[in-house]
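Read the structure below first, then the notes.
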Amino acid sequence: MDRRDLLRAAAALPFLRAAVPDKAFAQAYPARNITMIVPFPAGGQADLAARPVAMALERVLGKPVIVDNRAGGGGGSVGNAAAARAEPDGYTLLMTLSSLAVLPEADRLFDRPVAYEVSQFMPIARVLADPTLLAVPASAPWKTAQDFIEDAKKRPGQITYGSSGPYGTLHVAMEMFANSAGIKLLHVPFRGAGPALTALLSGTVQAIAAAPGTLKPQVDDGKLRVLGNCGAKRIASFPDVPTFQELGYKDVEMYIWAGLFAQSSLPAPIASRLREAMAQVMTSPDVLKTFETSGSLVAYQDAPAFSEFVAADSARLIAAVKKIGKVE
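According to this note's numbering, the sequence shown holds residues 575 to 902 in order.
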């Protein structure tokens, strides 16, 4: 075969792909390693969700699933956008958080180019869905959420809190709480929840809103204290921590969920294969035990239920972001 024949054959490949049913390609899936993008550094909720799931998916699918922490900042926007641009072939997945729908709205709020749209993604499965918790150092003077609020009212803008980046889940949770409580706090953004937690432990910031699984090891070691729960109900890992709704702040409700996504144009047979694999993963005793030990119970939903959940939760979070407005 000469060079012209090779070029003609290469040019014909897309048409051959279209002529062969997707099912034939899906039957061979996966034929190589899969990358699972996590748009945050290690140590946060998305990373906590990704690693046990990736290990279990390897066993089910028979190919390595490599966790790729794309911690480029932007509250997860950089990694989300990278996944959105990837080839829709099932070899680039995304384990991301509830900020997925918020970040494009923040771009619009600031008249910035929108990095990606939620419509570019297909929900595969929800993994975790925890309420955010308000945590402070164990050495802090605040023993209760009311202590914290009263002090913040005396010193507006002086109590610092860390987040995973502007308009990320941790930022929105704290601003939702601050708005409801009538207080002003000083936001200090980091590149992810892991670095924000490190800053809290070192005394660089004074508070954080984070997931139970992120906080529990530090609370168990006596380094942190949890003051309030942004969920509608108390949780098993922190049963003595009241919800903000119990304390009278009825409009404070914020969850930090983690879920697996692919590109919206992923062929249906490959999407079905991934959904079937995730159904096995999320009922695996090893995976269930790993999350239970971390303080974050599995909150599995298959794609149809997860899609409805994302739509409803995103609408509430987008409304919260618009209420917060431009916060530098």
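In this text, a Cβ means the ideal position worked out from N, Cα and C, and glycines have one as well.
Have a look at residue i and residue j and give me their C-alpha separation to the nearest angstrom.
| i | j | result |
| --- | --- | --- |
| G756 | D825 | 12 Å |
| P791 | A680 | 32 Å |
| R591 | S846 | Its pLDDT being 44, under 50, R591 is placed unreliably in this model, and the coordinates cannot settle the point. |
| D704 | D860 | 20 Å |
| D642 | P841 | 23 Å |
| V612 | S839 | 20 Å |
| Q694 | A675 | 11 Å |
| K797 | T718 | 16 Å |
| K896 | L683 | 8 Å |
| A620 | L771 | 14 Å |
| A726 | W716 | 11 Å |
| R659 | D876 | 24 Å |
| E866 | A873 | 11 Å |
Going by beta carbon distance, what residues of the same chain come within less than 7 Å of residue i, once the five residues before and after it are set aside?
| i | result |
| --- | --- |
| F880 | P697, A699, R700 and G833 |
| A586 | Any reading at A586 needs caution, since the residue's pLDDT is 39, under 50, leaving its predicted position unreliable; the model's value is listed next. Same-chain partners within the cutoff: there are none. |
| S868 | L622, G787 and K790 |
| S526 | With the chain running from 575 to 902 in the structure shown, residue 526 is simply not present. |
| A583 | A caution first: A583 carries a pLDDT of 39, below 50, which makes its placement in the model unreliable, though a value can still be read off. Result list for A583: empty, nothing under 7 Å. |
| V688 | P678, D681 and R682 |
| A894 | V746 and M750 |
| A851 | L631, V634 and L635 |
List the DSSP bridge partners of residue i.
| i | result |
| --- | --- |
| A832 | L671 and L702 |
| V762 | G736 |
| I611 | D642 and L668 |
| I809 | F812 |
| G802 | L708 |
| M696 | A836 |
| I782 | A709 and G736 |
If I measure Cβ to Cβ from residue i and keep anything under 6 Å in the same chain, skipping five residues before and after, which residues do I get?
| i | result |
| --- | --- |
| G768 | P615, A616, G617 and G618 |
| G653 | I611, P613 and R644 |
| S858 | A630 |
| G646 | V652 |
Within its chain, find whatever has a CB closer than 8 Å to the CB of residue i; leave out the 5 residues flanking it on each side and keep chain order.
| i | result |
| --- | --- |
| Q819 | A806, V826 and E827 |
| L775 | P711, Q792, K797 and L798 |
| Y823 | F751, S754 and A755 |
Using a Cβ-Cβ distance under 8 Å, would residue i count as near chain B?
| i | result |
| --- | --- |
| R625 | This model lacks chain B altogether; it includes just one protein chain. |
Which term fits residue i, buried or exposed, when burial requires 16 or more other beta carbons within 10 angstroms of its beta carbon?
| i | result |
| --- | --- |
| E724 | exposed |
| I640 | exposed |
| N607 | exposed |
| R765 | buried |
| P626 | buried |
| P604 | buried |
| A785 | buried |
| T670 | buried |
Below 7 Å, is the gap between the Cβ of residue i and the nearest heavy atom of the ligand MG?
| i | result |
| --- | --- |
| T734 | Questions concerning the ligand MG fall outside what the structure shown contains, since it holds no ligand whatsoever. |
Please list the segments of the alpha helix (DSSP H) lying wholly inside the segment 612-636, counting only runs of 4 or more residues, in order along the chain. 619-635
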